[in-house]
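Residue numbers (this note's numbering): 1137 to 1234. Here is the structure we will look at, set down as structure tokens.
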């Protein structure tokens, strides 16, 4: 043991310590394994290309998408106005009853 300590004096000790600092975490990961991709991956987490949005690139596609979005907004606006009219009518009837 003392012969090992005599050889590990000065610079040799620093090289040995540096080697241990490098080898220990690598050996730990090799022995216990990281395997993080298999452990923590969630299959089906990211949407497929069919499920995700398709960004229009051509002018015609952009115009069609804008027309579709405007149509959806118009339908929502119409439904909201009908709902508000029904609520206003219900409030008017409830105030007339009292």
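Even glycine gets a Cβ: it sits at the ideal position worked out from N, Cα and C.
Item	Value
Beta-carbon proximity of residue 1192 to residue 1201, cut-off 7 angstroms	yes
Straight-line gap, residue 1218 to residue 1225 (C-alpha atoms, nearest Å)	10 angstroms
Continuous alpha helix (DSSP H) stretch holding residue 1191: start and end	From DSSP, residue 1191 is part of no alpha helix (DSSP H); its letter is neither H nor E.
Distance between residue 1207 and residue 1231 (C-alpha atoms, nearest Å)	36 angstroms
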